[in-house]
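Residue numbers (numbering that gives the first Met the number 0): 0 to 139.
Written below as structure tokens is the structure these notes are about.
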Amino acid sequence: MDHIGSCFCGAVELEVTGSPQAMGYCHCRSCRSWSGGPVNAFSLWKPDAVRISSGVENVATFQRTMLSQRQYCRRCGGHLMTKHPPLGLVDVFVATIPTLDFVPGVHVNYAETVLPIRDGLPKLKDFPAEFGGSGEVLAE
């Protein structure tokens, strides 16, 4: 299935193809600060499943760490995606692709939460072990 999304002003359009590798919520301070909210809803895709279909000249990148290349529209500041090269994944903000049926499966970096959520999903202290985290699950 293909989904089309855009930045806030519509100057940049992107397309995701297939199904995400995972969906969930991130509670880390970086994602909270970048998203402007108490929690960030993510959808993780293989890089070849994500493409900018128009407006590539309006895409800017901010890289604070080696883990994340945050991309946004230089015209409106609307967030698009975060590339995670060491993980081989791209986080396309769920709000950017409104036709995606968001089915979260996990909370990551829950040790940093400022908004406790009781939804029965696993709450990982940091990242899954396969992504270099402890894989430790916290109690809800």
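Backbone N, C-alpha and C fix where the C-beta goes; we use that ideal spot for every residue, glycine too.
Closest to residue i by C-alpha separation, out of the options, would be which residue?
{"i": "Pro19", "options": "Leu43, Cys30, Met0, Leu99", "result": "Leu43"}
{"i": "Gly17", "options": "Ile96, Ser5, Asp118", "result": "Ile96"}
{"i": "Cys30", "options": "Ser5, Met0, Met80, Gly76", "result": "Met80"}
{"i": "Ser52", "options": "Pro37, Arg117, Glu12", "result": "Glu12"}
{"i": "Met0", "options": "Arg117, Thr98, Ser32", "result": "Thr98"}
Our contact map puts residue i next to residue j with C-beta atoms below 8 angstroms; I'd like the distance itself, whole angstroms only.
{"i": "His83", "j": "Gly23", "result": "In fact, because the Cβ distance is near 14 angstroms, the residues do not count as touching under 8 angstroms."}
{"i": "Val49", "j": "Val91", "result": "6 angstroms"}
{"i": "Cys72", "j": "Cys8", "result": "6 angstroms"}
{"i": "Ala21", "j": "Gly104", "result": "6 angstroms"}
What residue range is occupied by the uninterrupted beta strand (DSSP E) comprising residue i?
{"i": "Cys25", "result": "21 to 25"}
The alpha helix (DSSP H) spanning residue i covers which residue range?
{"i": "Cys30", "result": "28 to 34"}
Is it the case that the Cβ atoms of residue i and residue j are separated by a distance below 8 angstroms?
{"i": "Phe101", "j": "Ala40", "result": "yes"}
{"i": "Tyr109", "j": "Leu86", "result": "no"}
At the 8 angstroms Cβ level, is residue i part of the contact set with chain D, yes or no?
{"i": "Pro37", "result": "Absent from the structure is chain D; it holds one protein chain and no more."}
>> Counting beta carbon pairs with one atom in the region 42 to 61 and one in the region 125 to 134, are three or more of them shorter than 8 angstroms?
In response: no
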